[in-house]
Amino acid sequence: MVPRLVSKVLTCLPCRDTEKRSSTPRANPMVRNTEQRDPGPSAGTDNIHRMDPAGVRNAGQPGSRAGANKMLHMDSVDVKKHFDRIGGFRVLVIGRSNAGKTTLLQRVCNTTELPEVFNAKGEKLDPSVVQGSLERGYHDIENALTFRSNPHFVFHDSPGFESGSVRELELMKKFIADRAMKKQLAERIHAIWFCIPMSESERAIVAAEERFFNECNTEHVPVIVLLTKADAMEGQAIGRLRDKGMQMEGAVRSARSLAVQILSEVSTKIKNQLDRCKYPPKDYLPLDGMNREGADCVPLIRCTTNALDEVELQKLVVSAQQVNFELNIEFAVR
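Structure representation (structure tokens):
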């Protein structure tokens with residue numbers, strides 16, 4: 001399914017800060033001249049220029065007001081300085097085991113390979129041992145995952161919420177609290193991607209997930225809810241039309257408009273439910289087609305950048321993705 005389904009639904013998910021913002025256009029933080037250095041986790045947002053959320057929602061779509069090439073560009077010298085001083089952009093990825101997390105990370109780093117895993121001491125772990133632990137349902141949230149195609153993204157994978165384990169939630173709360181308040185910017189968690197699979201839209205939010213947004217203090221790290229596998233809505237639409245007696249050929253032709261409606265309804269329901277929690281997400285983003293090689297991750301990078309309050313981190317995430325683009329060009333020339 002083409003990404004147009006998602007682009008239509010994005011207009012139904014306004015940014016949480018929209019009402020608070022002035023109508024005056026803001027400067028692009030990617031070209032902003034700043035003397036800010038390694039700000040603390042309590043840095044405020046009032047004096048931070050952030051990108052217009054409309055640019056996030058229109059990313060990669062026809063008629064976009066914010067060109068991807070313009071936004072995703074930094075001088076190579078500046079890129080090196082950022083990674084020499086700060087290190088990688090660190091993301092905690094949360095979600096059920098079938099939420100498409102690994103596929104998403106592979107697309108962000110433009111690879112089909114599995115990640116390399118390092119423990120809290122920085123020691124590389126044996127892939128077979130890691131895989132065996134995953135198959136037994138064991139995740140060590142302290143382990144860092146990187147891909148050789150782009151090691152400037154550092155990921156941490158949380159246990160899924162299927163079991164509803166109180167211990168797992170407590171470990172996650174401690175990890176986020178510790179990492180959010182680290183003195184060194186390189187050691188902090190910079191963003192959280194909370195993946196909710198639309199292939200299970202009938203139980204999109206389970207009790208354990210709602211507990212996370214009510215009990216886990218994420219005031220110092222932005223949480224972005226990613227509605228993964230949004231293309232599953234088209235299959236649901238076909239099923240509904242078939243249940244009403246429509247022939248398969250006609251159901252396939254008519255499924256797209258109904259799929260947009262279903263995704264919009266589910267997205268709005270999720271947003272309304274989570275926005276009532278004590279620590280609601282910073283933003284929401286439907287994603288589809290992540291199982292296709294070369295899928296467009298620019299909307300995710302834009303959304304993540306927009307959610308960050310610190311300019312240094314905004315530059316870091318854009319730098320990380322730019323490194324990936326430059327690697328693509330380098331290998332294409334060879």
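Numbering follows the UniProt record's numbering, in which position 142 of the sequence shown is assigned residue number 142; successive positions increment by one, without gaps. Glycine included, C-beta positions come from ideal geometry on N, C-alpha and C. All figures in this text were calculated on a predicted structure; none of them were measured in a lab.
Quick check on residue 121: buried or exposed, where buried means 16 or more other Cβ atoms within 10 Å of its Cβ?
exposed
The segment 240–255 contacting the segment 218–225, beta-carbon criterion three pairs below 8 Å
no
Pairwise C-alpha distance: residue 93 and residue 145
11 Å
Would you mind reading off the limits of the beta strand (DSSP E) that contains residue 157?
150–157
Excluding sequence positions up to five away, which residues of its chain have a Cβ less than 7 Å from the Cβ of residue 275?
none
Rank 260, 95, 225 by C-alpha distance to the C-alpha of residue 304 and give the top, closest one.
225
Can you list the alpha helix (DSSP H) stretches of 4 or more residues lying completely in the segment 213–280, in chain order?
232–243, 248–275
Does residue 176 come out as helix, strand or coil in the three-state DSSP assignment?
helix
From which residue to which residue does the beta strand (DSSP E) around residue 144 run?
From DSSP, the beta strand (DSSP E) with residue 144 extends over 144–147.
Give me, in chain order, the residues of the same chain whose beta-carbon lies closer than 6 Å to that of residue 201; leave out the 5 immediate sequence neighbours on both sides.
The residues 266, in chain order, have a CB closer than 6 Å to that of residue 201 in the same chain once the five nearest residues on each side in sequence are set aside.
How many Å lie between residue 182 and residue 314 at the Cα?
18 Å
Residue environment, residue 278, which counts as buried when at least 16 other CB atoms sit within 10 Å
By the 10 Å Cβ count, residue 278 comes out exposed.
Taking the alpha carbon of residue 143 as the point to measure from, which residue in 243, 116, 210 has its own alpha carbon closest?
116
Which residue or residues does DSSP assign as beta-bridge partners of residue 92?
156, 192
List the endpoints of the continuous beta strand (DSSP E) containing residue 117.
116–118
Compute the Euclidean distance between the alpha carbons of residue 118 and residue 283, then round it to the nearest angstrom.
30 Å
Would a C-beta distance cut-off of 7 Å place residue 103 and residue 290 closer than the cut-off?
Contact flag set, yes.
Host beta strand (DSSP E) of residue 185 (start-end)
Where residue 185 is concerned, there is no enclosing beta strand (DSSP E), given that its DSSP letter is neither H nor E.
Near residue 211, what residues of its chain come up, given a Cβ to Cβ distance below 7 Å and the 5 sequence neighbours on each side ignored?
Sequence-distant Cβ neighbours of residue 211 in its own chain, meaning closer than 7 Å and more than five residues away, are 169.
Starting from residue 285, follow the beta strand (DSSP E) in both directions and report where the run begins and ends.
283–286
Taking residue 300 and residue 91 to be in contact with their CB atoms under 8 Å, please state how far apart those CB atoms are, rounded to whole angstroms.
Going by Cβ atoms, the distance from residue 300 to residue 91 rounds to 10 Å, so no, they are not a contact pair.
State yes or no: is the C-beta of residue 293 within less than 7 Å of the C-beta of residue 259?
No, Cβ-Cβ distance for residue 293 and residue 259 is not below 7 Å.
Go ahead and label residue 207 buried or exposed: buried means 16 or more other beta carbons lie within 10 angstroms of its beta carbon, across all protein chains shown.
exposed
Quick one: using the 10 Å Cβ neighbour count with 16 as the cut-off for buried, is residue 272 buried or exposed?
exposed
CA-CA distance, residue 239 and residue 199?
13 Å
Looking at the ligand NAP, does it come within less than 6 Å of residue 107, judged from the CB to the closest heavy atom?
This structure does not include the ligand NAP; it has no bound ligands of any sort.
Rounding to the nearest angstrom, what Cα-Cα distance links residue 172 and residue 296 in this structure?
30 Å
What would DSSP say about residue 358, mapped onto helix, strand or coil?
A question about residue 358 goes unanswered here, because the residues of the chain that appear run from 1 up to 334.
Which residues in the same chain as residue 270 place their Cβ atom closer than 8 Å to its Cβ, once the five residues preceding and following it in sequence are excluded?
196, 204, 205, 225, 227, 284
Using 7 Å as the threshold, is the C-beta distance between residue 320 and residue 153 below it?
yes
Between the beta-carbon of residue 156 and the beta-carbon of residue 141, is there less than 7 Å?
yes
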